[in-house]
Amino acid sequence: MNALQANVSLRDLNTLRLQSTAAWFVSVTTVDEVQRSVREARAKGLSTIALGGGSNVILGPEIDALVVHMNILGRELMEEAEDQVVVRIGAGEGWHDTVVWAHQNGYFGLENLALIPGNVGAAPVQNIGAYGVEVENFIAQVNV
């Protein structure tokens, strides 16, 4: 796991490029790292804030918490049937890139959700939708 860093600028991690400083920061690449980071934060009496691609957020000048930057990558085909597929996608994967990937692999249905900013991990929280297509109709499971 990456070590916790103190007083980290979040300017390059939000789409509005707002200057914001996290009292504590860690970038995680696995679920185990997320769990360890949260345990370490609790041991230090810190609250935690998850940050993905930094879209749809307005950050204050100072964040007195551990900011956990979700950088969990990967797309894995779990099962494939004639009328559906099940894929596991890391929270840090870009949403638009994932829509493009799905289309290129013949997994259709998400096209109307292309060009929506953000990462896959935020998609269920934001319940993204456009032009009559809702992400909730494509999510079978979310691991937290």
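Every letter in the sequence shown is one number past the one before it in our numbering, and letter 59, counting from 1, is 69. Even for Gly, the Cβ is constructed at its ideal location relative to N, Cα and C. Treat the numbers as computed from the prediction; the structure is a model and nothing was measured.
query: How far does the beta strand (DSSP E) with ASP107 in it reach, from first residue to last?; result: No beta strand (DSSP E) contains ASP107, which is instead part of the alpha helix (DSSP H) from 105 to 114.
query: Would DSSP call SER65 helix, strand or coil?; result: coil
query: With three or more C-beta pairs closer than 8 Å as the rule, is the region 24 to 42 touching the region 52 to 68?; result: yes
query: Just checking, does the region 44 to 60 make contact with the region 85 to 98 on the three C-beta pairs under 8 Å criterion?; result: no
query: With three or more beta-carbon pairs closer than 8 Å as the criterion, would you say the region 142 to 150 touches the region 76 to 90?; result: no
query: Return yes when the Cβ of GLU103 is within less than 9 Å of the Cβ of ILE82, no when it is not.; result: yes
query: Please work out which residues of its chain come closer than 6 Å, Cβ to Cβ, to PHE158, disregarding the five sequence neighbours upstream and downstream, and give them in chain order.; result: Shown here, the chain extends from 11 to 154; a query on residue 158 therefore has no answer.
query: In this structure, does DSSP put GLU92 in helix, strand or coil?; result: coil
query: Measure how close the beta-carbons of ALA150 and VAL96 come, nearest whole angstrom, since I'm counting them as under 8 Å.; result: 6 Å
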